[in-house]
Amino acid sequence: MRIDVFSIFPEYLAALDLSLIGKARQDGLLALSVHNLRDFTTDRHRTVDDTPYGGGAGMVMKPEPWAQALESVHGGARPVLIVPSPAGAVFTQAMAHDLAREEHLVFACGRYEGIDERVLEWAEGSFDVRPLSLGDYVLNGGEVAVLAMVEAVARLLPGVVGNPESLVEESHSDGLLEYPVYTKPSAWRDLAVPEILLSGNHARIARYRRDEQLRRTARRRPDLLARLDAGSLDAADLAV
Ligand code: ADE
Numbered sequence: 001m002r003i004d005v006f007s008i009f010p011e012y013l014a015a016l017d018l019s020l021i022g023k024a025r026q027d028g029l030l031a032l033s034v035h036n037l038r039d040f041t042t043d044r045h046r047t048v049d050d051t052p053y054g055g056g057a058g059m060v061m062k063p064e065p066w067a068q069a070l071e072s073v074h075g076g077a078r079p080v081l082i083v084p085s086p087a088g089a090v091f092t093q094a095m096a097h098d099l100a101r102e103e104h105l106v107f108a109c110g111r112y113e114g115i116d117e118r119v120l121e122w123a124e125g126s127f128d129v130r131p132l133s134l135g136d137y138v139l140n141g142g143e144v145a146v147l148a149m150v151e152a153v154a155r156l157l158p159g160v161v162g163n164p165e166s167l168v169e170e171s172h173s174d175g176l177l178e179y180p181v182y183t184k185p186s187a188w189r190d191l192a193v194p195e196i197l198l199s200g201n202h203a204r205i206a207r208y209r210r211d212e213q214l215r216r217t218a219r220r221r222p223d224l225l226a227r228l229d230a231g232s233l234d235a236a237d238l239a240v
């Protein structure tokens, strides 16, 4: 997979050199380039923003540097252009799976009050444009959202996570939150690991974990339970 990220703070993205994503880059599983948007300006001050038409607080990112920047990475196919924004659709694990199947992702990090809307309209001509939000809160710019989205997508690429089984039983893989996990020692500060996990009875352990997923999801994220496809619940699930 190829990923291009544009930002006026490319240093923000340095964390993508680390850990599993850094290793995936070294191993050639992911070709990730971070570009400084100011390199696509033509004036002495390398200006990327200006005052908003219609008035109001803050500044808006100018269209010209964005067009130059996006044209510089546009190849033959239609890349997906992700524009992180609190005004986007909320990014989900299902979207991460869809994006992991793409060949080329481009991320445009807005700052200030955002990017001139015409950039998104113009980009529709050659990109599949997706404004995406991390959640219902406001960050200072798209960089932190890109760190989160790139990590969520890249870990789904074949070979990035050592044991692909660990991608199966995790939160959101089946619409539910993950079950609680424990390790040694079995007794710690008056707190015991649930007895059933020490029993060696794999069927009972699987049922216990599924029950815990359902209970935890009902308690913490009732919205997820409400969205669950009724066909995915068995009789034992309904008894929880
Ligand atoms: N930029 C600012 N806030 C954001 C959010 N919540 N998600 C994605 N990008 C953002």
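Numbering follows full-length UniProt numbering, in which position 202 of the sequence shown is assigned residue number 202; successive positions increment by one, without gaps.
In this text, a Cβ means the ideal position worked out from N, Cα and C, and glycines have one as well.
Residue nearest to residue i in terms of C-alpha spacing, selected from the options
i           : options                : result
L177        : L238, V193, Q213, E165 : Q213
L32         : F40, D39, I21, A239    : I21
H35         : G135, P10, H172        : P10
residue 245 : H45, D174, K62, Q26    : Lying before the first or after the last residue shown, residue 245 is absent from the chain, which here runs from 1 to 240.
R130        : S85, Y179, E103        : S85
Y12         : H172, S133, D234, A148 : A148
L37         : E64, A57, F127         : E64
V146        : V138, Y182, L134       : L134
G88         : A100, S19, A108        : A108
Cβ neighbour criterion (16 or more within 10 Å) applied to residue i
i           : result
E143        : buried
W66         : buried
V240        : exposed
G75         : exposed
L191        : exposed
H104        : buried
Y179        : buried
I3          : buried
A123        : buried
residue 241 : Beyond the ends of the chain as shown, which are 1 and 240, falls residue 241; an answer cannot be given.
R118        : exposed
Residues that DSSP places opposite residue i in a beta bridge
i    : result
I3   : L32, L105
S133 : V90
R111 : G141
I82  : F107, R130
V60  : D50
W188 : L191
Closer than 8 Å to chain D by CB, residue i
i   : result
E64 : Reference to chain D is not applicable here, since this structure consists of a single protein chain.
I'd like the ranges of any alpha helix (DSSP H) spanning at least 4 consecutive residues and lying wholly in the stretch 212 to 240. Annotation: the stretch 212 to 240 contains the following complete segments of the alpha helix (DSSP H) (minimum length 4 residues), in chain order: 222 to 227, 235 to 239.
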